[in-house]
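Written out below as structure tokens is the structure these notes cover.
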Amino acid sequence: MSGANRFLDTNIFAYALDAREGAKKSIAAELIVTLIRNKQAVVSYQVIQEFLNVAVRASVPGLGLDQGASHLQVIFSKLEIVSPSLKLYEEALALHAKYHFHWYDSLIVAAALEARCETLYTEDLQHGQIIDGLTIINPFL
0 MSGANRFLDT
10 NIFAYALDAR
20 EGAKKSIAAE
30 LIVTLIRNKQ
40 AVVSYQVIQE
50 FLNVAVRASV
60 PGLGLDQGAS
70 HLQVIFSKLE
80 IVSPSLKLYE
90 EALALHAKYH
100 FHWYDSLIVA
110 AALEARCETL
120 YTEDLQHGQI
130 IDGLTIINPF
140 L
């Protein structure tokens with residue numbers, strides 16, 4: 000793995016394009032730009048799939064197919080991407096059993112741990128929680 004050690008959850012990418020979320024939009028966009036510039040950003044295929052699902056459904060105003068396709072080339076192509084694997088699913092199952100996270104949150108945490116990330120940026124989990132050396136940060140607090 001490279002020096003990338005900051006995992007970004009799907010909500011960060013969605014907020015970065017959501018005009019309804021003024022403060023969150025600014026925070027999310029700046030976080031993405033900073034982590035890309037510093038070559039620290041990590042995502043999983045799950046994050047890309049979830050983001051594209053939001054784009055296809057156009058559930059965020061101003062986000063649609065064109066923006067989804069653009070993000071693939073402009074943003075996601077610059078990030079380290081964790082691939083699905085049996086090991087990832089096994090780790091997610093163990094995390095689900097231990098912490099009682101929702102299944103997809105367990106997969107996100109497992110991917111961040113697999114990439115040896117220090118930080119997971121998300122608003123979906125407990126801010127400040129530490130899981131095997133991975134710190135959960137809600138950047139919108």
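Residue numbering for the sequence shown follows numbering that gives the first Met the number 0, beginning at 0 and increasing consecutively.
Backbone N, C-alpha and C fix where the C-beta goes; we use that ideal spot for every residue, glycine too.
Taking buried to mean at least 16 other C-beta atoms within 10 Å of its own C-beta, is residue i buried or exposed?
i    : result
T33  : exposed
G132 : exposed
H99  : exposed
E117 : exposed
Please report the straight-line C-alpha distance between residue i and residue j, rounded to a whole angstrom.
i    : j    : result
Q128 : E122 : 12 Å
Y88  : A18  : 35 Å
L92  : S105 : 7 Å
T49  : T9   : Per the sequence shown, the amino acid found at residue 49 is Glu instead of Thr. Roughly 6 Å separates the two Cα atoms.
F139 : L30  : 11 Å
Y14  : A54  : 12 Å
A109 : A28  : 24 Å
H70  : A114 : 22 Å
S25  : L7   : 15 Å
Helix, strand or coil for residue i? Go by DSSP, reduced to three states.
i    : result
I74  : coil
T134 : strand
L85  : helix
M0   : Any reading at M0 is ruled out, since the residue's pLDDT is 44, under 50, leaving its predicted position unreliable.
E160 : A question about residue 160 goes unanswered here, because the residues of the chain that appear run from 0 up to 140.
E117 : coil
Legend entry - Meets three-Cβ-pair contact criterion under 8 Å: the stretch 75-83 and the stretch 37-44: yes
Legend entry - In chain order, each beta strand (DSSP E) run of at least 3 residues that lies wholly inside the stretch 3-44: 5-7 and 40-43
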